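*Asks:* Take a look at the following structure, please.
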Amino acid sequence: MIGGIGRLRRVMPVGAWLAVTILALLVSAAVLAPWIAPHDPLAQDLTRKLQGPSADHLLGTDRFGRDVLSRLVHGGRNAFGGVVICISVAVLLGVPWGTVAGFWPRYVGTVLMRVSDTLIAFPLLVLAIAITGSLGVGLVTSMVAVGLVLAPNTAQLTRAGVLAVREQDFVASARLSGVWTPIVLVRHVLPIALRPVVIQLTIYTGLTFVIQGALAFLGLGPQRPTPSWGGDLNDAYSQILSAPLLILPSGLLLGTVVLCVYRIGDVLRDRMSAGTSPGIRKENDVVVA
162 MIGGIGRLRR VMPVGAWLAV TILALLVSAA VLAPWIAPHD PLAQDLTRKL
212 QGPSADHLLG TDRFGRDVLS RLVHGGRNAF GGVVICISVA VLLGVPWGTV
262 AGFWPRYVGT VLMRVSDTLI AFPLLVLAIA ITGSLGVGLV TSMVAVGLVL
312 APNTAQLTRA GVLAVREQDF VASARLSGVW TPIVLVRHVL PIALRPVVIQ
362 LTIYTGLTFV IQGALAFLGL GPQRPTPSWG GDLNDAYSQI LSAPLLILPS
412 GLLLGTVVLC VYRIGDVLRD RMSAGTSPGI RKENDVVVA
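Structure (structure tokens):
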């Protein structure tokens, strides 16, 4: 058994396993929220407002007498779902964008990169707020807006990876052999070029949790009384003088999730850095078919 634990540690450090476990538990709790939450997250009881932790309310109640724990559990559904929407938009737009710009760098690639340079010049949060204001407030629209803002950065990183790989001998061999260009991209270029993108996406994931919380805090995310970590943080902040501990649950939870995501990202970076670097392949990997 000790040998098995040692092998697990070699595969991934204990801290990373802890981060994965915490995230898995939080995701499971979010999915099972309707069944495991002790109370209705929308139920109000003004006679029990701003109460501290008790047997009935483990994390206390907010200014409307709603159970804080239940709202955090249900708010996780919006938090994790919103991040999935954001990262999906960033990848679905940014990867094709960067691939085209990197594989065909002249003309089309130049135009695409000038567009991305223009968008990157704007502060991320300011641009996300502007797009959210144009699309309308809400979870989906705010996360689509953040995904649109992250897409140019994803495109830039994808382009850099494609440029580093496209001139390698195995890619040239595939193209000279008459292999269809999309197949060359999918089988030979993107598996290597996207390694840095995968690592960067873990950073974007943590950043998205923070931005989502900020937008909800400003009232641009899920609308009240829908549970959200940022919205509940705003409610707690408004009562910080009368109930200073109320701000801790949502704040600590958000910080814990971000730290766990970044810890997993560190492990991915180390594993990919220890492997084959972009543009280098073993001879037996050069298969053109």
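If you read the sequence shown in our numbering, its first letter stands for residue 162, the second for the next number, and so on. Beta carbons are placed, not taken as given, at the ideal position from N, Cα and C, and that holds for glycine. Every value quoted in this text rests on a predicted model; they were computed, and no experiment measured them.
Got a sec, what are the start and stop residues for the alpha helix (DSSP H) His218 sits in?
*Replies:* Counting from one through the sequence shown, the residue named residue 218 turns up at place 57. Premise fails: His218 is in no alpha helix (DSSP H) and is neither H nor E.
*Asks:* Which term fits Leu355, buried or exposed, when burial requires 16 or more other beta carbons within 10 angstroms of its beta carbon?
*Replies:* Numbered from 1 along the sequence shown, position 194 holds the residue referred to as residue 355. Leu355 is buried by the Cβ-count criterion.
*Asks:* Roughly how many whole angstroms lie between the Cα atoms of Tyr268 and Leu285?
*Replies:* As a first step, residue 268 is located in the sequence shown; it is residue number 107 there, counting from the start. As a first step, residue 285 is located in the sequence shown; it is residue number 124 there, counting from the start. Tyr268 and Leu285: Cα-Cα distance of roughly 27 angstroms.
*Asks:* Let me check understanding here. Comparing Cα to Cα, which of Val175, Val276, Leu211 and Ser411 lies closest to Asp393?
*Replies:* For this step, residue 393 is matched to residue 232 along the sequence shown. Cα-wise, what sits closest to Asp393 is Ser411.
*Asks:* When burial is assigned at 16 or more other CB atoms within 10 Å of the CB, is Ala180 buried or exposed?
*Replies:* Indexing the sequence shown from 1 puts residue 180 at position 19. So Ala180 ends up on the buried side.
*Asks:* Of all the options Leu413, Arg327 and Val419, which has the alpha carbon lying nearest to the alpha carbon of Leu362?
*Replies:* The residue you call residue 362 lines up with position 201 of the sequence shown. For the residues Leu413, Arg327 and Val419, the minimum Cα distance to Leu362 belongs to Val419.
*Asks:* Going straight from the alpha carbon of Ile372 to that of Val307, what length do you get?
*Replies:* Your numbering for residue 372 matches position 211 in the sequence shown. Your numbering for residue 307 matches position 146 in the sequence shown. Using only the alpha carbons, I get a separation of about 8 angstroms.
*Asks:* Report the rounded CA-to-CA distance for Ala377 versus Pro383, giving the unit in angstroms.
*Replies:* In the sequence shown, counting from the first residue as 1, residue 377 sits at position 216. In the sequence shown, counting from the first residue as 1, residue 383 sits at position 222. So the alpha carbons of these two residues sit roughly 6 angstroms apart.
*Asks:* Suppose you measure from the CA of Leu280 to the CA of Asn314; what does that come to, to the nearest Å?
*Replies:* Locating residue 280 in the sequence shown gives position 119, counting from the first residue. Locating residue 314 in the sequence shown gives position 153, counting from the first residue. About 9 angstroms.
*Asks:* Pull up the distance between the alpha-carbon of Gly367 and that of Ser338, whole angstroms please.
*Replies:* In the sequence shown, counting from the first residue as 1, residue 367 sits at position 206. In the sequence shown, counting from the first residue as 1, residue 338 sits at position 177. Those two C-alpha atoms are separated by around 43 angstroms.
*Asks:* Should Thr293 be labelled buried (16 or more other beta-carbon atoms within 10 Å of its own) or exposed?
*Replies:* What you label residue 293 is simply residue 132 of the sequence shown in a count that begins at 1. Buried: at least 16 other Cβ atoms inside 10 Å.
*Asks:* Given Thr208, which residues of its chain have a CB within under 8 angstroms of its CB, disregarding the five upstream and five downstream residues?
*Replies:* Start at 1 with the first residue of the sequence shown, and residue 208 comes out as number 47. So the qualifying residues of the chain are Gly226.
*Asks:* With a floor of 4 residues, list each alpha helix (DSSP H) that falls wholly inside the region 405 to 436, ordered by position along the chain.
*Replies:* Correct list: 409 to 435.
*Asks:* Of the choices Ile364, Arg224, Gly263 and Thr342, whose alpha-carbon is the least far from that of Val428?
*Replies:* Indexing the sequence shown from 1 puts residue 428 at position 267. Selected option, being the one with the closest Cα: Ile364.
*Asks:* Run through DSSP, which three-state label would Asp206 get?
*Replies:* Numbered from 1 along the sequence shown, position 45 holds the residue referred to as residue 206. Reduced to three states, the DSSP call for Asp206 is coil.
*Asks:* Can you pull the DSSP bridge partners for Asp228?
*Replies:* For the purposes of this step, residue 228 is identified with residue 67 of the sequence shown, where counting begins at 1. Beta-bridge pairing links Asp228 to Thr222.
*Asks:* For a test of the three-state rule: what should DSSP assign to Leu402, helix, strand or coil?
*Replies:* Against the sequence shown, residue 402 aligns to sequence position 241. If DSSP states are grouped into helix, strand and coil, Leu402 belongs with coil.
*Asks:* May I have the straight-line CA-CA distance separating Arg327 from Ala333, to the nearest angstrom?
*Replies:* Residue numbering aside, residue 327 sits at position 166 when the sequence shown is read from its first letter. Residue numbering aside, residue 333 sits at position 172 when the sequence shown is read from its first letter. Cα to Cα, Arg327 sits roughly 8 angstroms from Ala333.
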